[in-house]
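Participant: Dropping a structure here in structure tokens format, bear with me for questions.
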Amino acid sequence: MEAIPFLNRLLKHHPDHIKGLILLGDIYINSVRDLDAAQECYVNILRQEPGNVQALHNLCVVHVERGHLKEAEECLEKATAMAPQEKYVRDHLEIVRARRKLGPPTVTDRTVNNNELHPMR
């Protein structure tokens, strides 16, 4: 979390810095738990680079963290189509599909199972 002010300063001077946006989004998901801010980072990247698989995958993780599994599945299908060679994307798609088949998780299940998916750095 100490990196946030430095990343914000970097992005103030270089708002299109993809690696800075990825890192900031990851911090927002994993440490701060600010999903709106993380989503904003990844959407910003995708505006600049629509084919950025890492940003799209991490946006899919935001959907998972929110419990929006249908949106997460659709997002991961798109990411898989963009980069079928990326095993982590295919694996995460299968995890989301399996979770959707099981039905809505309890609060405890959601907390435990979301640890299966992590944004890629």
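In full-length UniProt numbering, the protein residues as written are 1 to 121.
Idealized CB from N, CA, C, for every residue including glycine.
(1) According to DSSP, simplified to helix, strand and coil, what is Gln85?
(2) For Ala104, which of Leu69, Leu59, Ala38 and Glu2 has the nearest alpha-carbon?
(3) How would you call Asn58, buried or exposed, if buried means at least 16 neighbouring beta carbons within 10 angstroms?
(4) Tell me the rounded alpha-carbon separation between Asp109 and Leu102.
(5) Between the alpha carbons of Tyr42 and Ala98, how many angstroms are there, rounded?
Facilitator: Short version:
(1) Start at 1 with the first residue of the sequence shown, and residue 85 comes out as number 85. Here Gln85 sits in coil by DSSP.
(2) Within the sequence shown, numbered from 1, the residue matching residue 104 stands at position 104. Per the sequence shown, residue 104 should be read as Pro rather than Ala. Per the Cα distances, Leu69.
(3) Locating residue 58 in the sequence shown gives position 58, where the first residue counts as 1. In the assembly as shown, Asn58 is a buried residue. Its beta-carbon has 16 or more other beta-carbons within 10 Å.
(4) Residue numbering aside, residue 109 sits at position 109 when the sequence shown is read from its first letter. Residue numbering aside, residue 102 sits at position 102 when the sequence shown is read from its first letter. Its pLDDT being 49, under 50, Asp109 is placed unreliably in this model, and the value from its coordinates should be taken loosely. Going by the C-alpha atoms only, they are around 11 Å apart.
(5) Within the sequence shown, numbered from 1, the residue matching residue 42 stands at position 42. Within the sequence shown, numbered from 1, the residue matching residue 98 stands at position 98. Distance between the alpha carbons of Tyr42 and Ala98: 25 Å.
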